[in-house]
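Beneath this line is the structure, given in structure tokens, with notes to follow.
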Amino acid sequence: MRRLLFIIQKEFIQIIGNRAMLPLMTILPIVQLMLLSFAADSEVKNVNITITDLDQSQFSRQLIGQITASDRFTLINAPLAMRISDHDLLAGEADIVLNIPPDFERNFLKGYPAKLQLLVNAINGQAATVGSGYLMSIIRDYNEDIRLETAMGVGRVPSRIEVASANWYNPDLNYKYFMVPGILGELVIILVILLSAMNTVREREIGTIEQINVTPIKSWQFILGKMIPFVFIGMLLLTIGLTAGKVIFDIPMVGSLWVVFGYCLVNLIAVLGIGLLISNLVDTQQQAMLVAFFFVMIFILMSGLFTPIESMPDWAQLLTIPNPVAHFVAVMRKVLLKGSGFADVAWNFRVTAIMALVFNGLAVLSYRKVS
Amino acid sequence: MISNAITASNLTKKFGNFTAVDNITFNVKRGEVFGFLGANGAGKTTAIKMLIGLSKPSGGEATVAGLNLMTQSEKIKERIGYMSQKFSLYEDLTIRQNINFYGGVYGLKRKDIRTKTADILAELQLEDKADEKVGGLPLGWKQRLSFSVANVHDPDVVFLDEPTGGVDPATRRQFWEMIYAAASGGRTIFVTTHYMDEAEYCDRISIMVAGKIAALGTPGELKERFAAKSMDEVFLRLVR
Amino acid sequence: MRSFLAFVRKEFYHILRDTRTLLIILGMPIAQVLIFGYAVTNEFRNAPIAVIDQSHDELSRELINEITATGYFNLIEQPPTTDQLDALFRSGDVKLGIIIPPNFEEDFFRQKLTSLQLVADGSDPNYATTLINYSTQIIGSFQQRYAGGPARYQIGVETQLVYNPLLINAYNFIPGVVAIILLLISAMMTSLTIAKEKEMGTMDLLLVSPLSPVTIILGKVTPYVFLAMINAIIILVMGYFIFEVPVVGSLVLLFAFCLLYVLTALSLGIFISTKAASQQAAMMGSLFTLLMPSMLLSGFIFPIDSMPWPLQQISKIIPATYFIELLKGVMLKGLGREFLWQPAVVLAGMTIVLLLLSWVNFKVRTK
Chain A
1 MRRLLFIIQK EFIQIIGNRA MLPLMTILPI VQLMLLSFAA DSEVKNVNIT
51 ITDLDQSQFS RQLIGQITAS DRFTLINAPL AMRISDHDLL AGEADIVLNI
101 PPDFERNFLK GYPAKLQLLV NAINGQAATV GSGYLMSIIR DYNEDIRLET
151 AMGVGRVPSR IEVASANWYN PDLNYKYFMV PGILGELVII LVILLSAMNT
201 VREREIGTIE QINVTPIKSW QFILGKMIPF VFIGMLLLTI GLTAGKVIFD
251 IPMVGSLWVV FGYCLVNLIA VLGIGLLISN LVDTQQQAML VAFFFVMIFI
301 LMSGLFTPIE SMPDWAQLLT IPNPVAHFVA VMRKVLLKGS GFADVAWNFR
351 VTAIMALVFN GLAVLSYRKV S
Chain P
1001 MISNAITASN LTKKFGNFTA VDNITFNVKR GEVFGFLGAN GAGKTTAIKM
1051 LIGLSKPSGG EATVAGLNLM TQSEKIKERI GYMSQKFSLY EDLTIRQNIN
1101 FYGGVYGLKR KDIRTKTADI LAELQLEDKA DEKVGGLPLG WKQRLSFSVA
1151 NVHDPDVVFL DEPTGGVDPA TRRQFWEMIY AAASGGRTIF VTTHYMDEAE
1201 YCDRISIMVA GKIAALGTPG ELKERFAAKS MDEVFLRLVR
Chain G
2001 MRSFLAFVRK EFYHILRDTR TLLIILGMPI AQVLIFGYAV TNEFRNAPIA
2051 VIDQSHDELS RELINEITAT GYFNLIEQPP TTDQLDALFR SGDVKLGIII
2101 PPNFEEDFFR QKLTSLQLVA DGSDPNYATT LINYSTQIIG SFQQRYAGGP
2151 ARYQIGVETQ LVYNPLLINA YNFIPGVVAI ILLLISAMMT SLTIAKEKEM
2201 GTMDLLLVSP LSPVTIILGK VTPYVFLAMI NAIIILVMGY FIFEVPVVGS
2251 LVLLFAFCLL YVLTALSLGI FISTKAASQQ AAMMGSLFTL LMPSMLLSGF
2301 IFPIDSMPWP LQQISKIIPA TYFIELLKGV MLKGLGREFL WQPAVVLAGM
2351 TIVLLLLSWV NFKVRTK
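Structure, rendered in structure tokens:
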């Protein structure tokens, strides 16, 4: 046990004594958290639109008024020739072009089909769908208004279902509440997995490992001695990150912080097990970085951080079960935003604990003092 | 009292078809300075790695400090010290921190570590540099520090793998004075080298050629047997 | 020149012998393209919902059928009260609740007005919005069908999705993956290679050799240029054959831009390695100053237009932003030089500045 303390002490001295690495490990991730949290907003807030109004009627002007009144749309151009609006689209200045054909109003009032034409730059499929979705709902509302008016004028009132909608836990749909805890987890996990993956292989590259291997240190002492300082750093970063999230972004913390930190601890141990296992299996730091990065990329992309896990195909959803980032993101969101209790996240705890056991077990087994 | 610090009988190491160490048998007595010579690739380093438990023998038997290498290799590690040809202390730790770390790893008490540290610093005359990073030391000092650290837990046997590579004769001489001091206190020294003048300093030497021990004896005996004036000549005769 | 070639050959052997690294370098783009193509999608289906039907009449059942029949929603449970809905949200089993009040059918036909409540788990705002939008649309068409009112007085909207008519996700992610992978190989790998020489102390050895420092650096990075270009080809070929991402514009221009970007990334890698003393420092430096910002601020994952002003400015100094613009321009819009010279010039300018800075750093260090 005393030997373990000496290993931990040595790792700490090496980490803290490294003037170049320390800021990279502490300040940079927090700066990143701030920056990325402001950036990580897939809400489409601004759609640049060019409208060609060839009708110039009361209806068309009312519709344009409705569109420009919405703060999501910026009218960048209103030419009277479709040739010009096409150019706006090609040059990337306009995201959407709306063409209102001549006789739009007349056709509507006569009950003929009144058609609008929408050209959407769809390279970014999601932004395109969302942007045209906004426009469609404005058009739909406007249609509803004038339809009721017109129908009332003819004396027939249709039945309606009034839909009231509410968003629980985040009524203002603040996207940062959703993203900040996830990004924090992502940053911390990337950091510790990469550093731990490069750790023992570094001793092998430099040659100090041989000196260690002729000492009576046990494999588990060595692995544990490497892990504990990183657990400490990870927990410290999480604490700073959560505090910053609370102070700067006012992230709600509805659930128990004990559950949050308890889970973080288990998760860090699991993730470090993966990192140390990688480190034992590779030959150079460069390899370690690549392998770790390979997995981290997959972990993050399939974590539900950016796209909901529910939308993935079944096989991909199964693959998220052994993904520590997915569990981390899920637990943070559930407990912090919705106030889920331990029972609600017990499954995540269980799976992560199993991962921690398996990976650290493998890390100890794969660390061989004898070749 | 065990009379032999190391015994090896038919010790063998194979890597696939290649036999790096081929049935070597020898004893090293307590308190002896035993030189382990051989050309590059003769199997010296492989042999030493087996004896210190870094590499599992493919066959044969051996004891180190009276313990069985096959069954008690982790126990052996408590009783031996090792210094490799590559400097392998932590360059980003200070001298004091390195001594402290290895003392701790070998299970020394805090108080003992403190006295050991003071002894080593005094012996190497490094008191004023104790809190400097090891990476900045000249090579000769690094080597002597490595040796002291390999002795920090008062081991029965110390293995030195080409300990004096890359330094001038005067510095090597200083290093050997440390070896003699340790040996005179009853410690067994097992040292590989390719400097033939250093071979003359050893009590006994063995010369490995192609995985086998080609000759073993005191420097005087070997010179006599091969009718050579110096160890250089002995070596050249054997290796050709 | 001969000694340069010999040096490059040596570096190549180093990389080729390391089959594990090679496998990962080549496997990474394949895995990423497949994940983006098949696993990471925003198109949603089978969203787990719960319905609290307090009416239990013909119309409410019809509505529930209509909603589940679309395939977008998966009815998980019919809890009796809203309290239970809360529990379902907290365990994460359900994302949307539909509450149908009593007398739903009667009100609809008699009073001509009935109401209905949608409750979404707002902890994921985008998902919540999408769920509410889709269900509102379904309810809207349901209402029109049962209302029996005039089908007339409709504004029809004919939507054309330009450049990506089938809304294929790959049109967006293929350029993004190319940008990230090339950066990883050209910047991160090279910065580590050079930092390694420093860490092992072999850099000094090379510097005293008759090779000039420029030759050494060039020799070290040349193999990575090849690896990066091979990866770019793998990604583009996969995009073309698996996800039918076309190359509308000129192939020559496309590769010229890839090469330009690789050069920019290399000069970034070199710049970082002149600053970093160890491989770990090089890794951290390139990870946090290059890779993460390139993923998140280049418009690959999040739209630049939605970012706050300062971040939009930062995105302008990220090479990947320009490269993605170039790729999309050539591949999807078929734009030519007249549209694309601007981002290309920016990339070239960045490369020159970075190389100059590295040169200055290097000089200072060796003096």
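Protein chains in written order, with this note's numbering: chain A, 1 to 371; chain P, 1001 to 1240; chain G, 2001 to 2367. The C-beta atom is built at its ideal place from N, Cα and C for all residues, glycine as well. Remember, it's a predicted structure, so these values are computed and weren't measured experimentally.
Distance between beta carbons of residue j and residue i, contact taken as under 8 Å
| i | j | result |
| --- | --- | --- |
| A2050 of chain G | P313 of chain A | The pair is not a contact, with the Cβ atoms about 23 Å apart (cut-off 8 Å). |
| S159 of chain A | K2112 of chain G | 5 Å |
| K1129 of chain P | E1091 of chain P | The Cβ separation is near 14 Å, so there is no contact. |
| E162 of chain A | S2115 of chain G | 4 Å |
| L89 of chain A | N121 of chain A | 6 Å |
| G273 of chain A | F359 of chain A | 3 Å |
Between the CA atoms of residue j and residue i - distance to the nearest angstrom
| i | j | result |
| --- | --- | --- |
| K2367 of chain G | N2361 of chain G | Any answer about K2367 of chain G is weak, because its pLDDT of 48 lies below 50 and its placement is not dependable; what the coordinates show is given next. So the alpha carbons of these two residues sit roughly 10 Å apart. |
| E2325 of chain G | H327 of chain A | 34 Å |
| S2306 of chain G | L2016 of chain G | 44 Å |
| M1070 of chain P | I2235 of chain G | 53 Å |
| I2185 of chain G | A1065 of chain P | 51 Å |
| M1001 of chain P | R1079 of chain P | Below a pLDDT of 50, predicted positions are generally treated as unreliable, and M1001 of chain P, at 48, falls in that range; the measurement from the model is reported next regardless. One C-alpha to the other measures close to 15 Å. |
| E2011 of chain G | K1229 of chain P | 47 Å |
| W258 of chain A | I2230 of chain G | 49 Å |
| P252 of chain A | I1120 of chain P | 57 Å |
| Y177 of chain A | A2087 of chain G | 20 Å |
| I248 of chain A | Q2312 of chain G | 20 Å |
| P102 of chain A | A114 of chain A | 10 Å |
| V1105 of chain P | S1146 of chain P | 15 Å |
| G2336 of chain G | A2232 of chain G | 20 Å |
| N2065 of chain G | S2123 of chain G | 27 Å |
| T1193 of chain P | E1162 of chain P | 5 Å |
| E1221 of chain P | L1124 of chain P | 35 Å |
| C264 of chain A | M332 of chain A | 9 Å |
| T50 of chain A | R61 of chain A | 14 Å |
| G131 of chain A | V345 of chain A | 36 Å |
| G1103 of chain P | G1165 of chain P | 25 Å |
Interface flag, residue i vs chain G, CB-CB below 8 Å
| i | result |
| --- | --- |
| N323 of chain A | no |
| Q32 of chain A | yes |
| I240 of chain A | no |
| A330 of chain A | yes |
Test: residue i CB closer than 8 Å to a CB of chain P
| i | result |
| --- | --- |
| R72 of chain A | no |
| K10 of chain A | yes |
| V364 of chain A | no |
| R3 of chain A | yes |
CB contact check: residue i to chain A, cutoff 8 Å
| i | result |
| --- | --- |
| V1105 of chain P | yes |
| K2367 of chain G | Note that K2367 of chain G scores 48 on pLDDT, short of 50, meaning its location in the model is unreliable and no value can be drawn from it. |
| K2198 of chain G | no |
| G2037 of chain G | no |
| P2303 of chain G | yes |
| R2020 of chain G | yes |
Heavy atom of the ligand NAP within 7 Å of residue i beta-carbon
| i | result |
| --- | --- |
| L2096 of chain G | The ligand NAP is not part of the structure shown, which contains no ligands of any sort. |
May I ask you to list, following chain order, the residues of the stretch 13 to 28 of chain A that have a beta carbon less than 8 Å from some beta carbon of chain P?
I13, Q14, G17 and N18
Report the residues of the stretch 178 to 210 of chain A with a CB closer than 7 Å to any CB of chain P, ordered along the chain.
G207, T208 and E210
Give, in chain order, every unbroken run of the beta strand (DSSP E) that is at least 3 residues long and sits entirely within the stretch 1068 to 1125 of chain P.
1080 to 1083
Contacting positions in the stretch 279 to 310 of chain A - beta carbon closer than 8 Å to chain G:
V282, D283, T284, Q285, Q286, Q287, M289, L290, V291, F293, F294, M297, I298, L301, M302, F306, T307, P308 and E310
Unbroken stretches of the alpha helix (DSSP H), 4 residues or longer, contained in the stretch 5 to 58 of chain A
21 to 39
The stretch 1044 to 1070 of chain P: which residues have C-beta closer than 7 Å to a C-beta of chain A, in chain order?
I1052, G1053, L1054, S1055 and K1056
Hey, which unbroken runs of the alpha helix (DSSP H) at 4 residues or more fall wholly within the stretch 2266 to 2295 of chain G?
2279 to 2286
Proximal residues, the stretch 260 to 274 of chain A versus chain G, C-beta separation under 7 Å:
none
Segments of 4+ residues assigned as alpha helix (DSSP H) that fall wholly inside the stretch 316 to 346 of chain A:
324 to 332
Taking a Cβ distance cut-off of 7 Å, strictly less, list which residues of the stretch 2245 to 2268 of chain G are near chain A, in chain order.
none
Taking any Cβ of chain A, which residues in the stretch 2228 to 2241 of chain G have a Cβ under 7 Å from it, in chain order?
none
Pick out the complete alpha helix (DSSP H) segments inside the stretch 2171 to 2236 of chain G, 4 residues or longer, and give them in chain order.
2190 to 2200 and 2202 to 2208
Scan the stretch 142 to 225 of chain A and note each continuous alpha helix (DSSP H) run of 4 residues or more that stays entirely inside, going in chain order.
175 to 197, 199 to 206 and 208 to 213
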